[in-house]
Each structure stands twice: as C-alpha cells, then as structure tokens.
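Undergrad:
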Amino acid sequence: AVVSTQSTGGISAGSRAHLQDDAVASRTVIRNVLMWGFHVFVKVVGGVSDVKDTQCGFKLFTRKAAAAVFKNMNVERWAFDVEIFVIANILGIKACEVAVNWQEIDGSKLVPIYSWLEMAKDLAMIRARYLIGAWSVNVKEE
Numbered sequence: 007a008v009v010s011t012q013s014t015g016g017i018s019a020g021s022r023a024h025l026q027d028d029a030v031a032s033r034t035v036i037r038n039v040l041m042w043g044f045h046v047f048v049k050v051v052g053g054v055s056d057v058k059d060t061q062c063g064f065k066l067f068t069r070k071a072a073a074a075v076f077k078n079m080n081v082e083r084w085a086f087d088v089e090i091f092v093i094a095n096i097l098g099i100k101a102c103e104v105a106v107n108w109q110e111i112d113g114s115k116l117v118p119i120y121s122w123l124e125m126a127k128d129l130a131m132i133r134a135r136y137l138i139g140a141w142s143v144n145v146k147e148e
C-alpha cells in the first residue's frame, strides 16, 4: 500500500496490530501477557494512545515532522520509539498506523521479562523527566 504522511500530519507507523490474533495463537502465554501489559503501560504511563504498536520498526516521517521530533530525542535504548510519539503528541504532530506484513523469526534480542522491565523503567523515566521539566521539547521551527 502507498502511504502518504500528508494525510496524517507527519508520521505513519507500521503496525502488526492486525496480526495480533495470529500472534496470540503462536506466542507463549508469558509473551502475550508481556505484550498486552506493555501496550497498556504505553497508553497509561507514556500517554501514547494514537499508535498501538509503537515498537514496530517501520516508521515514515515528513521532513518537517522528522526534524521537529528527532532534534528533541533523549532516549537511545529500546523505548526510543515511545519517546518519538510522546514528542509528536507534545508538538501536535498526528500519527497513524498502517498495517504491515510481519513474520516472527528466531533470535530475538529481547529477553521477555528482563526486557519488559527495562522498557517499563525507561517509559516511567520518559514520563517523569518530561513531567518535572528535566527534559523539554523545543517547539520552535528552525
């Protein structure tokens, strides 16, 4: 499918959400619980509700949205995807999800429980740092 970021306001994110029923059937119970828990945590703690699958690697930005978001990035670990959408929300940049075909392969770098805890910690730190003003978003265009 051809995707236009112009209709979204700036960011189109690939999403595997349409594959969730198949993924639930082929993943272990613990991975499903961690996946659902992370989605809830992203929505509640991160404040990201317009994108369900923040961790899918496919993202398309307008030049203007990319410049505005990336100059404000702080996170360099797994949760950087969530910060992209936190910053976009602050800047009023709209995002949409576009279904992508996805196939799980062996050799994931994520260790289920440890990785979830690390990402949850990063997410809480993102939220806290923006709330207390330790991090801010430069809203001026350059």
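In the numbering used here, the protein residues as written are 7 to 148. Think of the CB as a built atom: it goes at the ideal place given N, C-alpha and C, for glycine as much as any other residue. This one's a predicted model, so the numbers in the text were calculated from it and none came from an experiment.
(1) Roughly how many whole angstroms lie between the Cα atoms of Leu66 and Ala94?
(2) Quick check on the DSSP output: the alpha helix (DSSP H) that includes Lys77 runs from which residue to which?
(3) Taking the beta strand (DSSP E) that Phe64 belongs to, which residues open and close that run?
(4) Who are the Cβ neighbours of Ile96 in its own chain at under 6 Å, not counting the five residues just before and after it?
(5) So the candidates are Val39, Ser18, Ala19 and Gly20; which of them puts its Cα closest to the Cα of Pro118?
TA: In brief:
(1) Residue 66 sits at position 60 when you count from the first residue of the sequence shown. Residue 94 sits at position 88 when you count from the first residue of the sequence shown. Taking the straight line joining both Cα atoms gives about 13 Å.
(2) Here residue 77 corresponds to residue number 71 of the sequence shown, with the count starting at 1. Taken as a continuous stretch (DSSP letters only), Lys77 belongs to no alpha helix (DSSP H), as it is neither H nor E.
(3) As a first step, residue 64 must be located in the sequence shown, where it is residue number 58. It is not in any beta strand (DSSP E) - Phe64 carries neither H nor E in the DSSP assignment.
(4) The count along the sequence shown starts at 1 and reaches residue 96 at position 90. The beta carbon of Ile96 sits closer than 6 Å to those of Val143, all from its chain and outside the five residues before and after it, given in chain order.
(5) Working through the sequence shown from its first residue, we reach residue 118 at position 112. Ranking Val39, Ser18, Ala19 and Gly20 by CA distance to the CA of Pro118 puts Val39 first.
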